[in-house]
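J.: Residue numbers (UniProt numbering), protein chains in the order written: chain X, 1 to 669; chain A, 1 to 669. Glycine residues also receive a C-beta, built at the ideal position from the N, C-alpha and C atoms. Since this is a predicted model, take the numbers as computed values, not measurements.
(1) Per DSSP, residue 502/X forms a beta bridge with which residues?
(2) Can you confirm whether residue 602/X, when its beta carbon is compared against all beta carbons of chain A, has any partner nearer than 8 Å?
(3) In whole angstroms, give me the CA-to-CA distance for residue 32/X and residue 578/A.
(4) Based on Cα-Cα distance, which residue from 568/X, 210/X, 464/X lies nearest to residue 288/X?
(5) According to DSSP, is residue 76/A helix, strand or coil?
(6) Which partner residues of residue 535/A appear in the DSSP bridge assignment?
(7) Can you give me the C-alpha to C-alpha distance between residue 408/A and residue 461/A, rounded to a whole angstrom?
(8) Nearest-angstrom Cα distance between residue 630/A and residue 85/X?
(9) At a Cβ threshold of 8 Å, is residue 446/A touching chain X?
(10) Could you say which of 427/X, 548/X, 410/X lies nearest to residue 436/X if we only look at CA atoms?
(11) With DSSP as the reference, label residue 251/X as helix, strand or coil.
(12) Under a CB-based cut-off of 8 Å, is residue 617/X close to chain A?
(13) Quick one: what's residue 130/A bridged to in DSSP?
(14) Determine the direct distance from the alpha carbon of residue 491/A to that of residue 593/X, and round the result to whole angstroms.
(15) Pull out every residue of the segment 465-491 of chain A whose Cβ sits closer than 8 Å to any Cβ of chain X, in chain order.
(16) Closer than 8 Å by beta-carbon distance: list the chain X residues that pair up with residue 511/A, in chain order.
(17) For residue 158/A, which residues from the same chain have a beta carbon less than 8 Å from its beta carbon, with the 5 sequence-adjacent residues on both sides left out?
(18) Which term fits residue 469/X, buried or exposed, when burial requires 16 or more other beta carbons within 10 angstroms of its beta carbon?
(19) Between the segment 340-360 of chain A and the segment 221-230 of chain A, are three or more C-beta pairs nearer than 8 Å?
(20) Would you mind working out which of 100/X, 116/X, 121/X sits nearest residue 380/X, comparing C-alpha positions?
(21) Look up residue 594/X in the DSSP assignment and say whether it is helix, strand or coil.
(22) Taking 8 Å as the threshold (C-beta atoms), are residue 259/A and residue 83/A in contact?
(23) Could you give the distance in angstroms between the alpha-carbon of residue 646/X and the alpha-carbon of residue 617/A?
(24) Could you compute how far the alpha carbon of residue 590/A sits from the alpha carbon of residue 597/X?
(25) What three-state label does DSSP hand residue 511/X in the structure shown?
(26) Assess contact between the segment 124-134 of chain X and the segment 422-437 of chain X, defined as three or more Cβ pairs (one per stretch) separated by less than 8 Å. Is contact present?
(27) Which residue marks the beginning of the beta strand (DSSP E) containing residue 624/X, and which one marks its end?
(28) Which residues in chain X have a C-beta closer than 9 Å to the C-beta of residue 350/A? List them in chain order.
(29) For residue 44/A and chain X, any beta-carbon pair shorter than 8 Å?
(30) For the candidate residues 94/X, 533/X, 203/X, 420/X, whose alpha-carbon lies nearest to that of residue 562/X?
(31) Under a CB-based cut-off of 8 Å, is residue 526/X close to chain A?
(32) Is there a Cβ from chain A that is less than 8 Å from the Cβ of residue 598/X?
(33) Buried or exposed, going by whether 16 or more other CB atoms sit within 10 Å of the CB of residue 314/A?
(34) Between residue 33/X and chain A, is any beta-carbon pair separated by less than 8 Å?
(35) Is residue 669/A buried or exposed, if buried means 16 or more other CB atoms sit within 10 Å of its CB?
(36) Hey, does residue 626/X have any beta-carbon neighbour from chain A nearer than 8 Å?
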């Protein structure tokens with residue numbers, strides 16, 4: 001039915017049937033890289049951002065790194081435990097959004113919805129920025145192309161995802177395992193070397209750091225900020241609870257096992273990297289010029305913490321160093337890919353609930369919510385461009401959304417258990433899961449406050465600006481769709497009774513498309529039929545009238561005066577005059593329309609007639625009949641069906657039966 | 001007819017009748033500012049650019065300024081004389097384009113056409129950049145907003161011109177006369193002071209200039225470059241020969257007088273400013289940091305030459321200084337406005353000849369070629385953004401186009417006279433005008449070579465890149481329109497004979513818009529009628545079938561299976577099955593369409609149905625009937641006409657006559 005050789009087909013592959021949707025579901029070994037990559041890849045920047053803040057305070061403060069890291073590790077455990085409960089209670093893929101929506105009301109759900117939407121966009125922006133950082137750490141010559149690289153990668157991800165979820169899962173699975181393997185190897189080698197008395201030493205350990213002297217309160221605040229930045233390692237844990245429907249049966253069990261695996265690996269990697277960073281004395285600053293002794297800080301890019309550790313443990317330029325940095329970059333792409341799975345899914349859930357444009361709900365040929373994919377790519381590209389792919393700036397906006405959704409989700413779970421306790425299903429209440437959710441709710445809410453306080457002035461205010469706007473937009477969209485639904489709902493009393501059947505063929509010049517429109521109008525056997533020409537140029541009008549007479553067409557040609565060089569207004573006035581004479585009939589206006597045009601042909605055609613049609617559509621009791629005319633009939637166009645038996649190609653003359661019909665019509669009126 | 005309170009009306013004013021087009025014609029006192037402002041304002045940057053190049057060579061080379069200026073003055077006289085002849089021979093407003101087209105062939109005409117189009121865009125960009133320069137010279141605090149100011153001014157000009165030519169003429173007339181007056185006052189005061197032994201001294205005379213030592217050839221090249229830059233004072237002379245139709249009767253005589261007036265004033269101002277510049281020892285450099293002694297060259301913007309002279313003669317900060325700089329800035333806006341008159345006119349001439357999209361030919365409600373205005377504004381804004389409103393960079397691209405068009409126009413005039421001499425109208429040949437055009441052709445062609453050689457490496461290559469691309473585009477558009485014209489031309493043998501009259505109403509859900517479409521389809525009394533629903537969701541389909549039965553509609557509802565969640569393909573297959581049974585009938589497909597939507601409502605509606613319609617239009621023998629449904633019927637929309645007598649508001653139920661008709665139909669098939 002569709003053309004197998006169109007560019008869309010080649011890029012996206014064959015369309016998939018609805019029935020195959022189940023075959024697109026993910027086994028655990030594929031689901032882990034697809035959904036856990038976001039959380040796992042967070043260790044590529046989580047510890048780094050923590051070191052960055054601590055470095056501000058100087059060497060004395062850096063010594064607190066293990067304690068801050070311990071705080072982050074506990075939080076990961078708590079959030080994973082909380083999500084573990086949530087996945088079973090709400091396995092439909094709505095995740096925190098659904099929990100908040102059902103237990104705290106639609107408005108709270110919408111808060112989570114907008115927070116998650118923002119967060120998915122930031123996941124893409126941050127992951128891609130961090131990925132590019134690691135690529136540049138491996139190949140410093142690419143330094144000047146940071147932004148271009150980031151935007152190109154986002155475009156690549158969007159294209160891959162428009163192809164569909166399965167292919168992206170398979171194509172992206174290996175890097176995650178390579179990443180986990182290479183980081184474990186890094187940690188293992190580093191720790192073994194330390195145990196053997198040959199601890200790795202980072203190149204940056206030689207740079208002095210000048211910390212400002214701190215008060216007790218200042219130190220506490222700095223530690224809180226470091227903790228908040230380290231919490232960026234928690235981003236991505238929500239991905240699994242939002243993606244349960246994509247798991248194979250038994251969905252909940254598989255999702256929960258994947259969640260635990262992910263939490264365990266994530267904590268191991270975070271702990272290991274932090275430990276190695278402390279051992280190797282990694283110094284990482286927002287601006288390398290703050291590091292005393294850093295040569296040429298304006299032009300030489302700073303290596304990421306992972307790359308610094310790779311250099312210290314494996315040796316700079318060694319094959320294992322490149323394996324580590326490239327695997328890190330690739331897994332960060334996978335993390336961005338997580339958002340390309342989550343954002344369109346959430347968008348379609350929001351659209352189904354009437355909070356987002358319906359077009360987000362439509363699945364494309366490849367069972368993907370294409371519009372969501374495109375929207376996400378545009379948003380992330382915009383952020384990357386606005387912040388020039390600067391990871392440290394982007395990370396300030398991140399986390400807020402994640403913790404808004406964690407908190408609302410966990411508070412929602414607490415309410416869920418309390419409701420269960422008060423309802424008839426009291427027996428289903430489980431005290432241990434309830435306690436887990438309660439602790440999780442308290443912790444995540446507290447961290448949300450910490451994160452907000454410490455990050456607001458550093459850029460997070462932008463999220464507090466965009467979030468409410470998004471919330472308001474979705475709220476209004478919901479109200480709007482509701483009003484339209486009420487407005488168009490048919491009820492028992494809805495009855496129309498259109499009267500009369502007059503038809504008008506708009507004639508500009510005597511061309512084949514116009515004649516075809518006339519022919520179709522005749523075939524439809526309207527009660528009355530006339531051709532109308534708007535008199536813009538008296539010369540052209542005379543030529544047309546002459547040609548009309550000579551052609552022998554007996555449908556009357558009426559001339560509508562047009563002092564404003566406009567076509568629609570004279571035609572509308574003509575319709576009014578007709579109705580003044582014949583009563584309020586339904587009027588069908590026939591116009592030819594070029595179809596099968598290439599994009600540049602659309603610039604050269606159809607504009608004027610589109611404007612006319614647009615205005616005629618606003619007239620009471622008018623229906624527009626578009627008679628297609630295919631320019632270049634030899635060009636193949638997609639759904640043209642097979643030419644029907646006995647039917648000539650469109651645009652080609654057939655039997656000369658027109659005249660007879662014209663006669664019949666002309667005599668009637 | 002149209003709504004008087006729409007934003008478009010408030011911004012653009014009432015629509016004007018074609019008959020009033022003559023009333024829009026310009027008397028000389030208005031035509032001078034409208035068409036001559038471009039040429040006159042060129043003296044704001046012409047002498048400055050000349051000084052800029054000479055300054056490169058140091059003080060010794062600066063002494064050659066009067067001779068270079070003399071060369072420019074002679075060239076102005078020659079070009080004005082040549083245009084004087086051209087205006088009479090070709091008064092239709094095609095200007096150089098028409099002369100080249102008729103005498104040197106369509107391809108040469110197209111060269112001039114593309115050169116002029118580029119030049120109009122550059123006129124806007126250069127004039128606005130120079131205007132902003134003068135504003136910043138008066139108010140240095142605006143320095144950081146150079147680009148923003150320039151883009152805002154272009155937007156303002158576009159809005160003013162979308163209102164129509166008369167208003168823009170009146171609104172812009174005064175500044176030109178104020179500009180001429182204030183520059184004459186500047187020159188007069190300066191010269192009188194010099195004669196009285198108190199010559200004005202520019203502030204910049206104190207800065208030393210370090211010229212590189214030059215060879216004889218180097219000196220010659222530098223003088224040629226200075227001459228080429230000074231020639232930017234010639235830009236705009238072509239405006240009158242391109243705008244003859246906008247003059248009042250007698251058009252040719254009025255245009256010629258305006259041309260002479262313009263030439264005289266232009267030469268006076270150019271000579272005066274150059275003389276004052278030499279007397280006051282003005283130093284102007286591309287980068288103020290090249291001027292030894294210039295304090296804080298990185299942050300303090302350099303004053304324009306006009307502003308420097310104003311400071312030297314009137315005193316910095318004096319009322320006359322502000323009058324001069326502001327009048328200069330305003331007249332430069334007027335010059336940009338010239339392009340807003342010329343570009344759309346040339347675009348419509350090109351469109352009428354089939355070289356540009358037809359949409360450039362359409363006049364809007366206000367008798368303005370709106371699309372041309374918008375296109376010009378976009379092009380100029382793009383240039384200003386790309387070159388950061390840097391006058392010295394933009395000026396390098398300028399002039400080329402002007403001299404291409406001068407040369408082709410004058411060579412065309414020479415050919416014109418030679419043809420006249422060889423034809424029967426030999427008596428009309430005039431030797432003096434012929435000699436003038438001959439000299440003018442030789443001079444302008446030589447200058448074109450000089451300008452190309454001296455400016456190519458400094459940025460003019462861009463014009464030599466865009467020009468041919470534009471030429472090729474217009475050439476292909478012409479060929480394309482020709483082919484389409486041949487393809488759709490009706491001849492004596494063109495006969496169609498559409499057969500059969502089947503109608504389908506697409507039904508998604510049982511809503512009022514769908515019922516209205518059904519009602520109209522019934523009113524059109526097709527031979528056969530059925531409702532078709534694509535079965536995307538079996539649950540929804542069952543609900544629809546139940547509602548259909550309960551509503552008592554007797555038009556049969558057919559369900560088309562849709563395994564791909566697509567609507568168009570199942571409907572197309574349904575049509576194929578129908579035709580396999582009943583033969584190749586014309587099929588009219590009815591769909592409701594929301595009309596009168598606000599822009600944001602368009603995002604929320606209609607997308608899906610537009611995609612379906614697009615695909616159905618490609619099927620053989622299918623006509624689409626759009627039945628409009630106005631959401632929010634209380635909202636006023638433009639051409640809604642008055643509600644017809646006896647007709648209910650669209651969207652409101654009327655009499656219950658549907659059922660009777662349904663019965664008639666259902667029993668027929």
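T.: Here's the rundown:
(1) In the first chain, counting from the first residue as 1, residue 502/X sits at position 502. Looking at the DSSP assignment, residue 502/X forms a beta bridge with 528/X, 587/X.
(2) Here residue 602/X refers to the residue found at position 602 when the first chain is read from its first residue. No, residue 602/X lies away from the interface with chain A (no Cβ there is under 8 Å from its Cβ).
(3) Within the first chain, residue 32/X is the residue found at index 32, counting from 1. Within the second chain, residue 578/A is the residue found at index 578, counting from 1. When rounded, the distance between both Cα atoms is 50 Å.
(4) Counted from its first residue, the first chain places residue 288/X at position 288. The option with the nearest alpha carbon to residue 288/X is 210/X.
(5) Translated into the one-based positions of the second chain, residue 76/A becomes position 76. Note: residue 76/A maps to helix in three-state DSSP.
(6) Sequence index remark: in the second chain, residue 535/A carries index 535 (1-based). Beta-bridge pairing links residue 535/A to 561/A.
(7) As a position in the second chain, residue 408/A is number 408, starting the count at 1. As a position in the second chain, residue 461/A is number 461, starting the count at 1. Whole-angstrom Cα-Cα distance: 20 Å.
(8) Numbered from its first residue, the second chain carries residue 630/A at position 630. Numbered from its first residue, the first chain carries residue 85/X at position 85. Distance between residue 630/A and residue 85/X, taken at the CA atoms: about 49 Å.
(9) On the second chain, position 446 is the one that residue 446/A refers to. No, because no Cβ of chain X sits closer than 8 Å to the Cβ of residue 446/A.
(10) Along the first chain, one-based indexing puts residue 436/X at 436. Of 427/X, 548/X, 410/X, the smallest CA-CA separation from residue 436/X is found for 410/X.
(11) Position 251 of the first chain, counted from the start, is the residue given in the question as residue 251/X. The answer is helix: DSSP assigns residue 251/X an H, G or I state.
(12) Within the first chain, the letter at position 617 stands for residue 617/X. Yes - at least one Cβ of chain A is within 8 Å of the one on residue 617/X.
(13) Sequence index remark: in the second chain, residue 130/A carries index 130 (1-based). Per DSSP, residue 130/A has no beta bridge partner at all.
(14) To locate residue 593/X, count along the first chain from 1; it is residue 593. To locate residue 491/A, count along the second chain from 1; it is residue 491. Answer to the nearest angstrom: the Cα atoms are 20 Å apart.
(15) 477, 480, 481, 484, 487, 488, 489, 490
(16) What you label residue 511/A is simply residue 511 of the second chain in a count that begins at 1. Near residue 511/A (Cβ distances below 8 Å), the residues of chain X are 488, 489, 490.
(17) As a working mapping, residue 158/A is identified with position 158 in the second chain. Cβ within range, chain order: 340, 373, 374, 376, 377.
(18) Residue numbering aside, residue 469/X sits at position 469 when the first chain is read from its first letter. Classification for residue 469/X: exposed.
(19) no
(20) Reading the first chain from its first residue, position 380 is the one you call residue 380/X. It is 121/X whose Cα lies nearest to the Cα of residue 380/X.
(21) Taking the first residue of the first chain as position 1, residue 594/X is located at position 594. Looking at residue 594/X - three-state DSSP - the assignment turns out to be strand.
(22) In the second chain, the residue the question calls residue 83/A occupies position 83. In the second chain, the residue the question calls residue 259/A occupies position 259. It is a contact, given that the beta carbons lie within the stated cut-off.
(23) If you number the first chain from 1, residue 646/X lands on position 646. If you number the second chain from 1, residue 617/A lands on position 617. Reliability fails at residue 646/X, whose pLDDT of 36 lies under 50, so the model's placement of it is uncertain and no value is given.
(24) Counting from 1 along the second chain, the entry for residue 590/A is found at position 590. Counting from 1 along the first chain, the entry for residue 597/X is found at position 597. For residue 590/A and residue 597/X, the distance between alpha carbons rounds to 23 Å.
(25) One-based indexing of the first chain puts residue 511/X at position 511. The three-state reading of DSSP puts residue 511/X in strand, counting E and B together.
(26) no
(27) Position 624 of the first chain, counting from 1, holds the residue named residue 624/X. Note, residue 624/X: beta strand (DSSP E), 622-630.
(28) Here residue 350/A is taken as the residue at index 350 of the second chain, counted from 1. Near residue 350/A there are no residues of chain X at all, since even the closest Cβ is about 13 Å away, more than 9 Å.
(29) On the second chain, position 44 is the one that residue 44/A refers to. With 8 Å as the cut-off, residue 44/A does not count as an interface residue toward chain X.
(30) Here residue 562/X refers to the residue found at position 562 of the first chain. If we check each option's Cα against that of residue 562/X, 533/X comes out closest.
(31) Here the question's residue 526/X lines up with position 526 in the first chain. Taking Cβ atoms only, chain A reaches closer than 8 Å to residue 526/X, which makes this a yes.
(32) Here the question's residue 598/X lines up with position 598 in the first chain. It does not: the Cβ of residue 598/X has no partner Cβ on chain A nearer than 8 Å.
(33) Within the second chain, residue 314/A is the residue found at index 314, counting from 1. By the 10 Å Cβ count, residue 314/A comes out buried.
(34) Within the first chain, the letter at position 33 stands for residue 33/X. Judged by the 8 Å Cβ criterion, residue 33/X is not in contact with chain A.
(35) Here residue 669/A refers to the residue found at position 669 of the second chain. In this prediction, residue 669/A scores a pLDDT of 34, lower than 50, which makes its location untrustworthy; no coordinate-derived value is stated.
(36) Taking the first chain and counting its residues from 1, one reaches residue 626/X at position 626. Output row for residue 626/X: interface = yes.
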